[in-house]
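S.K.:
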Amino acid sequence: MTKQSVLWGWVAGLSVIVVLVGCAGTERMPAGKSLYDRLGGKSSIPAVVDQFVANVAADTRINGRFATTDIRNLKSHLVEQVCMVTGGPCIYSGRDMKMTHAGMKISNGDFGALVEDLVKALDMFKVPAREKGELLGLLGSMKNDIVEVP
Ligand code: HEM
Numbered sequence: 019m020t021k022q023s024v025l026w027g028w029v030a031g032l033s034v035i036v037v038l039v040g041c042a043g044t045e046r047m048p049a050g051k052s053l054y055d056r057l058g059g060k061s062s063i064p065a066v067v068d069q070f071v072a073n074v075a076a077d078t079r080i081n082g083r084f085a086t087t088d089i090r091n092l093k094s095h096l097v098e099q100v101c102m103v104t105g106g107p108c109i110y111s112g113r114d115m116k117m118t119h120a121g122m123k124i125s126n127g128d129f130g131a132l133v134e135d136l137v138k139a140l141d142m143f144k145v146p147a148r149e150k151g152e153l154l155g156l157l158g159s160m161k162n163d164i165v166e167v168p
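Residue 116 in my numbering sits at position 98 of the sequence shown, and the numbers go up by one each step.
1) Does the Cβ-Cβ distance between Asp135 and Val66 come in under 7 angstroms?
2) Around the Cβ of Thr87, are there at least 16 other Cβ atoms within 10 angstroms (buried) or fewer (exposed)?
3) Would you say Leu57 touches the ligand HEM, meaning its beta carbon is less than 6 angstroms from a heavy atom?
4) Go through the segment 105-135 residue by residue and report every complete run of the alpha helix (DSSP H) that reaches 4 residues or more, in order.
5) With DSSP as the reference, please indicate the residues paired to Val167 in a beta bridge.
6) What's the call for Asp141, buried or exposed, on a 16-neighbour Cβ count within 10 Å?
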């Protein structure tokens with residue numbers, strides 16, 4: 019084998035590696051998108067939050083708790099919060115979850131009812147299972163700061 023053919027062998031081998039790595043990179047791109055982007059970002063999150071709050075308002079298991087709440091303020095803080103925790107370009111400007119819900123004596127049942135209302139809203143907007151699961155996981159991690167009674 020001549021020096022030249024060895025060199026061409028290396029060039030060909032390296033080209034194959036470059037193409038394979040390039041393809042793998044392209045395939046991975048969608049998974050690299052933030053949950054915020056995959057949920058549809060600025061155009062979808064406020065619509066889902068609107069529907070979610072409408073579901074809570076119609077839910078007799080928990081709607082009494084929001085009797086004196088400024089709903090516009092609640093919605094805007096929920097939009098900011100969902101945007102921020104899903105990797106979007108927002109800063110949540112509301113109170114932290116422990117302080118907000120302190121003394122409300124929220125139970126596991128109340129929490130479950132609210133999650134059901136959120137799932138209904140996500141299903142109405144046909145949010146795929148993967149994104150739904152990720153969002154519920156992020157909000158579920160706040161449960162310990164919100165639920166005070168079993
Ligand atoms: C993952 C679950 C929950 C999240 C992410 C969440 C998030 C929030 C946020 C962002 C606010 C606004 C805070 C502010 O304006 O400073 C809020 C307020 C409130 N939340 Fe929750 N919450 C959850 C669960 C619950 C549950 C289960 C209940 C009761 C059934 C509840 C009852 C309330 C009430 C009544 C307010 C209004 C407080 C007020 O009027 O000052 N939340 N929540």
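Beta carbons: idealized from backbone N, C-alpha and C, even for Gly.
M.R.: By the coordinates alone:
1) Counted from its first residue, the sequence shown places residue 135 at position 117. Counted from its first residue, the sequence shown places residue 66 at position 48. Not in contact: Asp135 and Val66 (Cβ atoms no closer than 7 angstroms).
2) By one-based count along the sequence shown, residue 87 stands at place 69. Exposed.
3) Position 39 of the sequence shown, counted from the first residue, corresponds to residue 57. Exclusion of Leu57 from the 6 angstroms shell around the ligand HEM follows from its C-beta lying no nearer than that to any non-hydrogen atom of the ligand.
4) For the segment 105-135, whole alpha helix (DSSP H) runs of length 4 or above, ordered along the chain, are 115-119.
5) In the sequence shown, the residue the question calls residue 167 occupies position 149. Paired residues: Ser125.
6) Working through the sequence shown from its first residue, we reach residue 141 at position 123. So Asp141 ends up on the exposed side.
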